[in-house]
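Data first, discussion second: the structure below is written as structure tokens.
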Amino acid sequence: APSFHLLLPFCFSFCLTETVMDTRTATAELGWISFPANGWEEVSGYDENLNTIRTYQVCNVFEPSQNNWLLTTYIDRRAAQRIYVEIRFTVRDCASIPSVLGSCKETFNLYYLETDRTVSEGIKGVEYWANAPFLKVDTIAADESFSQVDFGGRLMKVNTEVRSFGPLSKGRGFHLAFQDLGACMSLLAVRVFYKKCPSVVQNFAFFPETLTGAESTSLVIARGNCIPNAEEVDVPIKLYCNGDGEWMVPIGSCSCKAGYEPDNGNVCRACPQGTFKSSQGAGLCQQCPLNSRSTIEAATLCGCRNGYYRGDMDKPEDVCTSVPSAPRNVVSVVNQTSVSLEWHSPRDTGHRDDLSYNVLCRRCHSSERRACQPCDDSVVFVPGKRGLKETGVEISKLRAHTSYTFEIQHASESFNYQIDCVYLGVCVLTAPSVVPIMHQVSSTSRSFSLSWPPPEQPNGIILDYEIRYYDKSQSSVLNSSVVQSEMPNVVLEGLRPGTSYVVQVRARTVAGYGAYSKEMLFQTLTDDEYKSELGQQLSLIAGSLVGGVCIVSLVAIVTLRPDMFSGPTPTVTFPTLSEGHSSPGVKIYIDPFTYEDPNEAVREFAKEIDPSCVKIEEVIGSGEFGEVYKGRLKPVGKKEIPVAIKTLKVGYSERQRRDFLSEASIMGQFDQPNIIRLEGVVTKSRPTMIITEFMENGALDSFLRQNDGQFPVIQLVGMLRGIASGMRYLAEMSYVHRDLAARNILVNSNLVCKVSDFGLSRYLEEDTSDPTYTSSLGGKIPVRWTAPEAIAYRKFTSASDVWSYGIVTWEVMSYGERPYWDMSNQDVINAIEQDFRLPAPMDCPVVLHQLMLDCWQKDRNARPKFSDIVSMLDKMIRNPASLKHTRVPLPTQHPLLDRGAPDLSRVSSVEDWLAALKMTQYRDSFLGSGFTSLPLVTQITAEDLQKIGVSLAGHQKKILTSVQSMRHHIDDQSPTESV
Numbered sequence: 001a002p003s004f005h006l007l008l009p010f011c012f013s014f015c016l017t018e019t020v021m022d023t024r025t026a027t028a029e030l031g032w033i034s035f036p037a038n039g040w041e042e043v044s045g046y047d048e049n050l051n052t053i054r055t056y057q058v059c060n061v062f063e064p065s066q067n068n069w070l071l072t073t074y075i076d077r078r079a080a081q082r083i084y085v086e087i088r089f090t091v092r093d094c095a096s097i098p099s100v101l102g103s104c105k106e107t108f109n110l111y112y113l114e115t116d117r118t119v120s121e122g123i124k125g126v127e128y129w130a131n132a133p134f135l136k137v138d139t140i141a142a143d144e145s146f147s148q149v150d151f152g153g154r155l156m157k158v159n160t161e162v163r164s165f166g167p168l169s170k171g172r173g174f175h176l177a178f179q180d181l182g183a184c185m186s187l188l189a190v191r192v193f194y195k196k197c198p199s200v201v202q203n204f205a206f207f208p209e210t211l212t213g214a215e216s217t218s219l220v221i222a223r224g225n226c227i228p229n230a231e232e233v234d235v236p237i238k239l240y241c242n243g244d245g246e247w248m249v250p251i252g253s254c255s256c257k258a259g260y261e262p263d264n265g266n267v268c269r270a271c272p273q274g275t276f277k278s279s280q281g282a283g284l285c286q287q288c289p290l291n292s293r294s295t296i297e298a299a300t301l302c303g304c305r306n307g308y309y310r311g312d313m314d315k316p317e318d319v320c321t322s323v324p325s326a327p328r329n330v331v332s333v334v335n336q337t338s339v340s341l342e343w344h345s346p347r348d349t350g351h352r353d354d355l356s357y358n359v360l361c362r363r364c365h366s367s368e369r370r371a372c373q374p375c376d377d378s379v380v381f382v383p384g385k386r387g388l389k390e391t392g393v394e395i396s397k398l399r400a401h402t403s404y405t406f407e408i409q410h411a412s413e414s415f416n417y418q419i420d421c422v423y424l425g426v427c428v429l430t431a432p433s434v435v436p437i438m439h440q441v442s443s444t445s446r447s448f449s450l451s452w453p454p455p456e457q458p459n460g461i462i463l464d465y466e467i468r469y470y471d472k473s474q475s476s477v478l479n480s481s482v483v484q485s486e487m488p489n490v491v492l493e494g495l496r497p498g499t500s501y502v503v504q505v506r507a508r509t510v511a512g513y514g515a516y517s518k519e520m521l522f523q524t525l526t527d528d529e530y531k532s533e534l535g536q537q538l539s540l541i542a543g544s545l546v547g548g549v550c551i552v553s554l555v556a557i558v559t560l561r562p563d564m565f566s567g568p569t570p571t572v573t574f575p576t577l578s579e580g581h582s583s584p585g586v587k588i589y590i591d592p593f594t595y596e597d598p599n600e601a602v603r604e605f606a607k608e609i610d611p612s613c614v615k616i617e618e619v620i621g622s623g624e625f626g627e628v629y630k631g632r633l634k635p636v637g638k639k640e641i642p643v644a645i646k647t648l649k650v651g652y653s654e655r656q657r658r659d660f661l662s663e664a665s666i667m668g669q670f671d672q673p674n675i676i677r678l679e680g681v682v683t684k685s686r687p688t689m690i691i692t693e694f695m696e697n698g699a700l701d702s703f704l705r706q707n708d709g710q711f712p713v714i715q716l717v718g719m720l721r722g723i724a725s726g727m728r729y730l731a732e733m734s735y736v737h738r739d740l741a742a743r744n745i746l747v748n749s750n751l752v753c754k755v756s757d758f759g760l761s762r763y764l765e766e767d768t769s770d771p772t773y774t775s776s777l778g779g780k781i782p783v784r785w786t787a788p789e790a791i792a793y794r795k796f797t798s799a800s801d802v803w804s805y806g807i808v809t810w811e812v813m814s815y816g817e818r819p820y821w822d823m824s825n826q827d828v829i830n831a832i833e834q835d836f837r838l839p840a841p842m843d844c845p846v847v848l849h850q851l852m853l854d855c856w857q858k859d860r861n862a863r864p865k866f867s868d869i870v871s872m873l874d875k876m877i878r879n880p881a882s883l884k885h886t887r888v889p890l891p892t893q894h895p896l897l898d899r900g901a902p903d904l905s906r907v908s909s910v911e912d913w914l915a916a917l918k919m920t921q922y923r924d925s926f927l928g929s930g931f932t933s934l935p936l937v938t939q940i941t942a943e944d945l946q947k948i949g950v951s952l953a954g955h956q957k958k959i960l961t962s963v964q965s966m967r968h969h970i971d972d973q974s975p976t977e978s979v
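Per the UniProt record's numbering, numbering of the sequence shown is gapless, rising by one per residue and ending at 979.
Okay, structure coming up:
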């Protein structure tokens, strides 16, 4: 039986009702179906306020066994699940009717019928009404009946009753039915309605109108959306609508985002000019601090006025300060091999209270400063030589009879501006730090191979290394030999057998050479040792070859005569012969999936780390297998370092664990400054982790987009050189990356770029002169970065990686622009097949775009090798003038060349224009500064852009270039005089 509830005939002020039928104001015939014909009768009458109404009445109390039905017209429920019926009626008191039979009633029954269509008016037979599938709602009795007669007529006593029923789900609507079993009554009015919770703004979130549930106790969840200029604080954001149409149980909330303050609890109002709000929350806008201003609404930061600055560590609410003047009045006191330096603070501190001082020491051979060299590490500074808070320092352990010069620099702990110097008055570029250690990779009787890590503080791009060596027994450093190497490794040849050599190395940047590393001793093999070792290697190779022949024979026998073996087929593990293909000392990558037990590859190539040495700090991303964290690694007895930690999610399968750790087995084989470094793995406890070095600036594509136009071309070339160096190393190890893209290049705090993400990489088989990898399963391919032969035939080589490198070069020079813009993958494939190639990005040097085009040669054999690319980039770095020649934009020669530029023919407003340039963040700045139409925009200058807040050089170039194109477009559209 359906549920029903007695209800009051009204809602609270915050409850909404939606009426679906109301006869209170009806004056025309209602057209309801009644049965039998002498039962319910439709008449016109008056209500208690003498308003004309249409009513139905019945009064057959003098006849026995009454069963009178009244069926309303079809009522659409409008998706409501619970319906309310308000009935106004009068009933005659049975006791006041003379000679009435005992069947007189003062009640009637209410029914409903769910259906998708109207019940036909022709259904009037007794059988239908006896068997109709009506569902009873309630028997309704009058609270008051009338019996008195006043002024010749009956005195009306009107009853009002409300009933509800539900849930409704079997049809789009329903009919109401009234059953009279012998009453004398009138139906004055019937109103049918349902309830809903009204739309509301609560906790800065908007909730739409929501229908109540099927039961009066039901709670219907309504999801909220943050109002304009608000952001989520807690999620999910929802309210519950109860059966009475009231909101309750708020969960989650929003708050006004940075640049906006709350107003009346339901609006986030933009901070007016001259104020700012730096963070999301309930706070109000603040006045700009001293020496700063905001010229736009909704400012999150007040920019410093000309000549004033805000440091990296300063808060948005801190005042802007100026650059302090130089330290002054330096006094020196010499005492044998010690010197005491004192000075006064700057006369103008720029209103900063975080000044510190650095002391630079140089030892000089003459009166010229160019003959001075930095003091060695034996010189002692007390309390120190950097970050001094006091205005004095004691310097000792100087050399006797030697001239020294000192520079006193002041620096702010927060500022990035160039520091001031006194005493000598000039600051110089800093050379790279010392190479910490060298390793011997291999040795013969006439040579040995060495490698070393880059300096911990390169202070720029490492151009090359200088290696100095001499025979320990016969030579000295004065007549040593010197060689150069572009890579952090070298093979010293032409040496004497069984001899010890002293070797040192130093790095060079544009600032010059750093100091030599400490002297290290390496020894060549004697002729007998070399012959013995070579014999062992030949024996091992021969044994492996014989073993291979035996295994091949055994496999052939088993294939031809399977009956010779009744037991299970034995597992055969082939020996690895890859080292035999390389020259001594050159490593060849080993595919971890060739191991019978992949865990053995992890143990061989990755170091197991004690989990107690790992500290997880915060989530910085998510990967295919689980979360990625920033953390700290503190090996026993070593310095704590920041690391990135990849974890394996709970509930993994053994295959997922194997695939997860395979990346560590791959990374563990690489040791090169431009390849992401594996610190180790945690496999003996949960969670399983892969730990790598931490790259502060994250992925290269997003880093470039955040710093659009902020780097000189030579800096970008240096970053590209690092990527090419890493890829050259992989190619030399016969390794194909397959997913080289800017998103898979990581950048550290020194802007060193490192290749990462080896999820799609594959080993190159070397059984042919042109090694390839052919995927038999297909799989997903990053089309925009992939060479055409790899897309068409799944053939991946180092040459296909070179194609991808050309795309990376385009990404770098366009500051993270999406290759091929908004073209679909199929459009990209078709365009490349038609010999379309990406045009040069804005201000891209001709030599760099030519390098890209060389990488995109259709014939993969015509593409340069990575070693060639490194040499090309080194030449550009040594000859910066070659980077100054940029290609003048030519008329469009291919329909796809316009894909990167906005279509000015479809731009009709400033908003459209900024949207086409993907710079909608400047909309309010342009409109607030009076640039409200495209003709006004065409008059804009670089000074105007600076004033309205466009400070990024890359954004200024993009806007001004578009403005110039818009001027030409408007000129082309102007009418011309007829001749």
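The beta-carbon is built from N, C-alpha and C at its ideal position, and this holds for glycine as well. None of these values were measured; they are calculated from a predicted model.
For residue i, count neighbouring Cβ atoms within 10 angstroms of its own Cβ and tell me buried if that reaches 16, exposed if not.
i, result
"Q179", "buried"
"P488", "buried"
"residue 981", "The structure shown does not extend to residue 981, since the chain spans only 1 to 979, so no value can be given for it."
"S332", "exposed"
"N38", "exposed"
"S814", "buried"
Taking the alpha helix (DSSP H) that residue i belongs to, which residues open and close that run?
i, result
"K875", "866-878"
"W803", "798-813"
"M852", "846-855"
"Y793", "788-793"
"K947", "942-947"
"N830", "825-833"
Go ahead and pull the three-state DSSP assignment for residue i.
i, result
"W129", "helix"
"L388", "strand"
"Y404", "strand"
"N68", "strand"
"T594", "helix"
"Y922", "helix"
"V490", "strand"
"L463", "coil"
Please report the residue range of the beta strand (DSSP E) in which residue i lies.
i, result
"C254", "247-256"
"V235", "230-241"
"I83", "83-91"
"L341", "338-344"
"L110", "107-115"
"Y260", "260-263"
Please confirm whether residue i and residue j have their CB atoms less than 8 Å apart.
i, j, result
"L917", "A942", "no"
"R657", "T688", "yes"
"C256", "Q286", "no"
"R310", "D318", "yes"
"L16", "K238", "no"
Whose CA, out of the options, lies closest to the CA of residue i?
i, options, result
"Y530", "P819, T499, R347, L521", "T499"
"R347", "V334, V331, P327, D353", "P327"
"I462", "V43, R269, D874, S44", "D874"
"G243", "T786, P167, S749, R269", "P167"
"F758", "A741, L700, D353, A915", "A741"
"P324", "S356, T295, L341", "S356"
"E608", "I620, Y595, P635", "P635"
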